[in-house]
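J.: For the protein sequence lines, the chains are A and B, in the order given.
Read in my numbering, the first sequence has 806 at position 159, and its numbers run on one by one without any break.
Read in my numbering, the second sequence has 848 at position 201, and its numbers run on one by one without any break.
C-beta atoms are modelled at their ideal positions from N, C-alpha and C, and glycine is treated no differently.
There are 2 protein chains.
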Amino acid sequence: MEKNNLRIGVIGCGTVGTHVIKSLSRNRHVLRKKTGIDISIIKVCDKDRRKKKAFPSVFTSKIDEVIEAPLDVIVELIGGIDSSYHIITKSLKSGRSVVTANKALIAEKGREIFRLAERKNLHVGFEASVAGAVPVIKTIRESYIGNNISRIMAILNGTTNYVLTRMFFDSMNLSQALRMAQKLGYAEANTELDIKGLDTAHKLSILSALAFNKFVSWKEISVEGIENIEPMDISFTAEFGYRIKLLAVAQKKGASLDLRVHPTLLPSRHLLSLVEGVYNAVYIEGDMAGKSLLYGEGAGGAAAASAVIADIVDTGMKLAGHNGSRTDAALYEDEKVVLIPMKDICTRYYFRFTALDKPGVLATISGILGHKGISIASVIQKEESPEKAVPILMLTHVAREESVRKAICQIDGLSFIKKPTVILRVEE
Amino acid sequence: MEKNNLRIGVIGCGTVGTHVIKSLSRNRHVLRKKTGIDISIIKVCDKDRRKKKAFPSVFTSKIDEVIEAPLDVIVELIGGIDSSYHIITKSLKSGRSVVTANKALIAEKGREIFRLAERKNLHVGFEASVAGAVPVIKTIRESYIGNNISRIMAILNGTTNYVLTRMFFDSMNLSQALRMAQKLGYAEANTELDIKGLDTAHKLSILSALAFNKFVSWKEISVEGIENIEPMDISFTAEFGYRIKLLAVAQKKGASLDLRVHPTLLPSRHLLSLVEGVYNAVYIEGDMAGKSLLYGEGAGGAAAASAVIADIVDTGMKLAGHNGSRTDAALYEDEKVVLIPMKDICTRYYFRFTALDKPGVLATISGILGHKGISIASVIQKEESPEKAVPILMLTHVAREESVRKAICQIDGLSFIKKPTVILRVEE
């Protein structure tokens, strides 16, 4: 790497690869400003030659042309095991660092790859291999480095979680929900790795290695999928107060590890129970950090690309040997910031009026609100207590803070209003 | 920094400082194995001389003795503004990197501190200043570096969230809930910064600077606290389907920023609505990562110390200019791992039997389970359909997988059982 210029090659132009290339090109200036590193895409490779149209100047369909180009980082996004293993080891042997989103490969060949990278003093980034954009690998390795992690429970497969969500909310059976997932692009044609829990086991093998510093092959992990779950299991366990989720469970018990993947009943108020659709989440217990949860988009080209770009930048920072903290300088520059003034906020509002309980009060209040363009969504007057002050609770539709302030000021001046009105805002 | 030996000094031995020192000492070997860096605590400083007893060989009560010692990193944990600003600037000027948990200082003097650090090519770590152990600063700066962040909504003050939680669940009023928080050590004697939302505004100023690369002083942020919230607001908004949370809201609208702190109505199924007690959570929307949430312990000595240690290690890695990825080597070593065999798992179970609907069936099943030491928590037989196969759903108390397997094997051999029994496990 010369003069903070990070030269990268991207192998595989599917949805993830395309997002990575477009975003790096679009944000090149911002990234340079934040990190001091200029990332240039030197080679883009795909076996489909028609992709050349999108990247004419850098495209090749020959993998070796990428590996042999003068690059700092090779980004492997073709998936599978054999050719990606070949690409990564050959890249490392020729002195290139590697970024990959390939969970199957890391779970299968991680040890060989990391040993090779260590010998060559190179970097392998694989944040995108588990839970998409969710920074679970960085959190375990870096943020929780002072922790002894005792337990991880995680929803790591978007397809199965989508299926279980549809079964729960729409009383579908598994094959109906799966067809819907396929129709919406949330599931591949071949869903066996997902439904049988094997994809989750790949990811659990990676997380467990990071959390406990012990490598367990996914083949040794006890795995059950969701293929036997029927709608009645979903509805009956709901009556017992549970949700069914396909969980990866990893627990440290003394010197032993308890690793398993299976459909699991979780209390309905557990945070993991509330992870719906294609979202992923990882719940971690550490001796210092306590209980925590990371939640986000586990699949999709943009989410995975978010993690790939973070890995590319991290690699660039390491290769550049930067000492300073990135972004700090850009952060605190003197540029004038335009703050939206409070009066221009538009949102829904909650009001608590304290008014004498007598005829005409609500008509007067709603008249003033209407006059300022504030429309009422619902109103409750709980107590009846003639001629005494009672609370009136109101939710509005979207209104402008300035109008609200003016209306409430006018209302609070009325003789039957006995206390300043409480105003709260709503966010969805 | 010489030969990967990171020499640190800790100023301030309150709960956070004590946790940092103890954990670094206890885990010194593990941290060295994972990172290659040996962290040694050279100086510990507190104004209370009685603390010397705990750290006799390294203790001093004189701050200057720490700043003038041959150190790589100075950890400032005394809080407040004036003396901590003095400590940090003096440390940076003498060439030491700094780690701090001081949100008020970073929100107030961040620009000066970061500019000074940049000029000296030093590092300032401040992960612990926002949301305790939750890695929100690292996630925004590093993991989401490829994202344009459009929106942040966050619960950043444990005291107010505890108070609102108690008001919701126990129908307390604000002062009762606050007294309980103080009694349990979740609130200081002076709660004004918390209740009035100013502590949240400090943290929002930091997050907003990181997310949007624009610095806005907390003094310019529109802030309302929870002081006017009454139990009836909590209960009536609950009827409308909302929870009230003290939120920090940051939104980018074109070139303008919308920053505010106020009690907010959130739909009860929104993930932030489910953040209870002293927990913190940050909800982030980015153009690539999509919607995500980071959740965890926002306060407490151990949680903050977890973040401080992560910053110390990060600083050490940067000063050492390491190229290789940390932990990878340790991760994939050949050490034999003892996996707990599935038969030894102990948990609660859910069974779905498919049995002929005839007298004596349940007695036989429960007899076999009882014989294997499996005790039944609840059972439902939904349908009645004499002489036909119907589902029987059952939840057990904690049982051992091996006993369960044996019992179900025996049960599935009975003539009135018409399908293999479905077995699911429960996690709490």
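(1) Taking only beta-carbon atoms, is Ala754(A) less than 9 Å away from chain B?
(2) Mind checking which residues open and close the beta strand (DSSP E) that includes Glu723(A)?
(3) Tell me which same chain residues have a C-beta within less than 6 Å of the C-beta of Ile992(A), skipping the five on either side of it?
(4) Helix or strand or just coil, what does DSSP make of Thr838(B)?
(5) Less than 9 Å between CB atoms is the rule here; does Ser972(A) satisfy it with respect to chain B?
(6) Can you check whether the CB of Gly793(A) is closer than 9 Å to the CB of Ala951(B)?
(7) What is the DSSP secondary structure of Asp729(A), counted as helix, strand or coil?
(8) Along the stretch 1033 to 1050 of chain A, what residues have a CB closer than 9 Å to any CB found in chain B?
(9) I'd like to know whether the C-beta of Arg995(B) is nearer than 9 Å to at least one C-beta of chain A.
(10) If distances are taken between C-alpha atoms only, which option among Ala754(A), Ile721(A), Ala764(A), Phe761(A) comes closest to Trp865(A)?
(11) In whole angstroms, give me the CA-to-CA distance for Gly1060(B) and Lys1053(B).
(12) Rounded to a whole number of angstroms, what is the C-alpha to C-alpha distance between Leu803(B) and Gln1028(B)?
(13) Closer than 6 Å by C-beta to Ala848(A): which residues in its own chain qualify, once you throw out the five before and the five after it? Chain order, please.
(14) Tell me, please, whether the CB atom of Ala681(A) is closer than 9 Å to any CB atom in chain B?
(15) Excluding the 5 residues preceding and the 5 following Gly683(A) in the sequence, name in chain order all residues of the same chain whose CB lies nearer than 6 Å to its CB.
(16) I'd like the span of the beta strand (DSSP E) that includes His909(B), first residue to last.
(17) Check the Cβ of His1018(A) against every Cβ in chain B and list those closer than 9 Å, keeping chain order.
(18) Specify, as a first and last residue, the run of the beta strand (DSSP E) that Leu966(A) falls within.
(19) Which residues mark the beginning and the end of the beta strand (DSSP E) in which Ser939(A) is found?
(20) Please say whether Ser939(B) and Glu944(A) have beta carbons closer to each other than 9 Å?
(21) Could you compute how far the alpha carbon of Lys700(B) sits from the alpha carbon of Thr736(B)?
(22) What residue ranges within the stretch 795 to 871 of chain A form continuous alpha helix (DSSP H) runs of no fewer than 4 residues, ordered along the chain?
(23) Leaving out five residues before and five after Lys990(A) in sequence, what residues of the same chain have Cβ atoms less than 6 Å from its Cβ?
(24) Whose Cβ in chain A lies nearer than 9 Å to the Cβ of Phe815(B)?
(25) Can you tell me whether Ser1032(A) is buried or exposed, with buried defined as 16 or more other CB within 10 angstroms of its CB?
(26) Mapping DSSP to helix, strand and coil, what is Gly757(B)?
(27) Shortest alpha-carbon distance to Ala1036(B) belongs to which of Ala1046(B), Pro1067(B), Leu1003(B)?
(28) I want to see whether chain B comes within less than 9 Å of Arg1072(A), judged by CB atoms only; does it?
(29) Determine which residues share a DSSP beta bridge with Asp685(A) and list them.
(30) Any Cβ of chain A within less than 9 Å of the Cβ of Asp719(B)?
(31) Going by other Cβ atoms of all chains shown within 10 Å of its Cβ, with 16 needed for buried, is Asp817(B) buried or exposed?
(32) Locate the alpha helix (DSSP H) running through Arg1052(A), then write down its first and last residues.
(33) Along chain B, which residues have their Cβ under 9 Å away from the Cβ of Met819(A)?
(34) Hey, how far is the Cα of Ile891(B) from the Cα of Gly933(B)?
(35) Looking only at its own chain, which residues have a Cβ that is under 7 Å from the Cβ of Glu774(A), when we skip the five neighbours before and after it?
(36) Within 9 Å (strictly less), CB to CB, does His917(B) reach chain A?
T.: Looking at the coordinates:
(1) Along the first sequence, one-based indexing puts residue 754(A) at 107. No, no contact with chain B.
(2) In the first sequence, residue 723(A) corresponds to position 76, counting from 1. From DSSP, the beta strand (DSSP E) with Glu723(A) extends over 720 to 723.
(3) Mapped onto the first sequence, residue 992(A) falls at position 345. For Ile992(A), where only same-chain residues beyond five positions count, the Cβ hits under 6 Å are Glu1048.
(4) The residue you call residue 838(B) lines up with position 191 of the second sequence. Here Thr838(B) sits in coil by DSSP.
(5) Walking along the first sequence from the start, residue 972(A) turns up at place 325. Because Ser972(A) carries a pLDDT of 47, less than 50, the predicted location of this residue cannot be relied on, and the following value inherits that uncertainty. Under the 9 Å criterion on CB atoms, Ser972(A) is classed as interfacial with respect to chain B.
(6) Within the second sequence, the letter at position 304 stands for residue 951(B). Within the first sequence, the letter at position 146 stands for residue 793(A). No, Cβ-Cβ distance for Ala951(B) and Gly793(A) is not below 9 Å.
(7) For this step, residue 729(A) is matched to residue 82 along the first sequence. In this structure, Asp729(A) counts as helix in the three-state DSSP scheme.
(8) Pro1038, Leu1040, Leu1042
(9) Numbered from its first residue, the second sequence carries residue 995(B) at position 348. So, interface residue.
(10) The count along the first sequence starts at 1 and reaches residue 865(A) at position 218. The residue with the shortest Cα to Cα distance from Trp865(A) is Ala754(A).
(11) Within the second sequence, residue 1060(B) is the residue found at index 413, counting from 1. Within the second sequence, residue 1053(B) is the residue found at index 406, counting from 1. If you take the alpha carbons of Gly1060(B) and Lys1053(B), they lie about 11 Å apart.
(12) In the second sequence, counting from the first residue as 1, residue 803(B) sits at position 156. In the second sequence, counting from the first residue as 1, residue 1028(B) sits at position 381. Rounded to the nearest angstrom, the two C-alpha atoms are 47 Å apart.
(13) By one-based count along the first sequence, residue 848(A) stands at place 201. Around Ala848(A): Trp865, Ile868, Val870, Val908.
(14) To locate residue 681(A), count along the first sequence from 1; it is residue 34. Per the sequence shown, the amino acid found at residue 681(A) is Lys instead of Ala. At least one chain B Cβ lies under 9 Å of Lys681(A).
(15) Working through the first sequence from its first residue, we reach residue 683(A) at position 36. The residues are Asn651.
(16) For the purposes of this step, residue 909(B) is identified with residue 262 of the second sequence, where counting begins at 1. That run of the beta strand (DSSP E) goes 903 to 914.
(17) Here residue 1018(A) corresponds to residue number 371 of the first sequence, with the count starting at 1. Those do not exist, as His1018(A) stays about 24 Å from chain B at its closest Cβ, beyond 9 Å.
(18) As a working mapping, residue 966(A) is identified with position 319 in the first sequence. Looking at the DSSP string, Leu966(A) is not in any beta strand (DSSP E); the run it does join, the alpha helix (DSSP H), is 948 to 967.
(19) Here the question's residue 939(A) lines up with position 292 in the first sequence. From DSSP, the beta strand (DSSP E) with Ser939(A) extends over 937 to 944.
(20) For the purposes of this step, residue 944(A) is taken as the residue at position 297 of the first sequence. For the purposes of this step, residue 939(B) is taken as the residue at position 292 of the second sequence. Closer than 9 Å, so yes.
(21) Mapped onto the second sequence, residue 700(B) falls at position 53. Mapped onto the second sequence, residue 736(B) falls at position 89. Their backbone Cα atoms lie some 29 Å apart in a straight line.
(22) 805 to 817, 821 to 830, 839 to 842, 845 to 859
(23) In the first sequence, the residue the question calls residue 990(A) occupies position 343. Hits under 6 Å: Glu1048, Glu1049.
(24) Within the second sequence, numbered from 1, the residue matching residue 815(B) stands at position 168. None at all; the shortest Cβ gap to chain A is about 13 Å.
(25) Residue numbering aside, residue 1032(A) sits at position 385 when the first sequence is read from its first letter. By the 10 Å Cβ count, Ser1032(A) comes out exposed.
(26) As a first step, residue 757(B) must be located in the second sequence, where it is residue number 110. DSSP, reduced to helix, strand and coil, places Gly757(B) within a helical segment of the structure shown.
(27) Along the second sequence, read from residue 1 onward, the residue named residue 1036(B) stands at position 389. Comparing Cα-Cα distances from Ala1036(B) to each of Ala1046(B), Pro1067(B), Leu1003(B), the minimum goes to Leu1003(B).
(28) To locate residue 1072(A), count along the first sequence from 1; it is residue 425. For Arg1072(A), the answer is yes, since a Cβ of chain B falls inside 9 Å of its Cβ.
(29) Along the first sequence, read from residue 1 onward, the residue named residue 685(A) stands at position 38. Answer is Asn652(A).
(30) Locating residue 719(B) in the second sequence gives position 72, where the first residue counts as 1. No, Asp719(B) does not count as interfacial toward chain A.
(31) Taking the first residue of the second sequence as 1, we reach residue 817(B) at position 170. Exposed.
(32) Translated into positions along the first sequence, residue 1052(A) becomes position 405. It spans 1048 to 1059 - the alpha helix (DSSP H) in which Arg1052(A) sits, taken as one unbroken run.
(33) Locating residue 819(A) in the first sequence gives position 172, counting from the first residue. Chain B residues near Met819(A): none, gap ~18 Å exceeds 9 Å.
(34) Residue 891(B) sits at position 244 when you count from the first residue of the second sequence. Residue 933(B) sits at position 286 when you count from the first residue of the second sequence. Going by the C-alpha atoms only, they are around 25 Å apart.
(35) Your numbering for residue 774(A) matches position 127 in the first sequence. These residues qualify, in order along the chain: Pro782, Ile784, Lys785, Ala954, Ala957, Asp958.
(36) Along the second sequence, read from residue 1 onward, the residue named residue 917(B) stands at position 270. So, interface residue.
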